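Residue numbers (the working numbering): 149 to 206.
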């Protein structure tokens, strides 16, 4: 399962959580505010890049 980075919306504390196990609302241990999952551009585009490579090879 992938690990995702989360950043607190208030105090900017950073944490890594395992996807699938921690998909609920993530609360910061430092200040109690909501943490926001950060997007990894490489992961987001990976499926599109693989599709483009297959199309080029065909």
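Note that beta-carbon positions come from the ideal geometry of N, C-alpha and C, so glycine has one too. This one's a predicted model, so the numbers in the text were calculated from it and none came from an experiment.
Check whether the Cβ atoms of residue i and residue j sit closer than 9 Å, and answer yes or no.
i: residue 151; j: residue 166; result: yes
Could you tell me the alpha carbon to alpha carbon distance between residue i and residue j, rounded to whole angstroms?
i: residue 176; j: residue 160; result: 9 Å
i: residue 181; j: residue 154; result: 12 Å
i: residue 163; j: residue 172; result: 14 Å
Tell me residue i's beta-bridge partners as DSSP assigns them.
i: residue 163; result: 154
i: residue 182; result: 175
On the CB-based measure, 16 or more other CB atoms within 10 Å of its CB, does residue i come out buried or exposed?
i: residue 196; result: exposed
i: residue 156; result: buried
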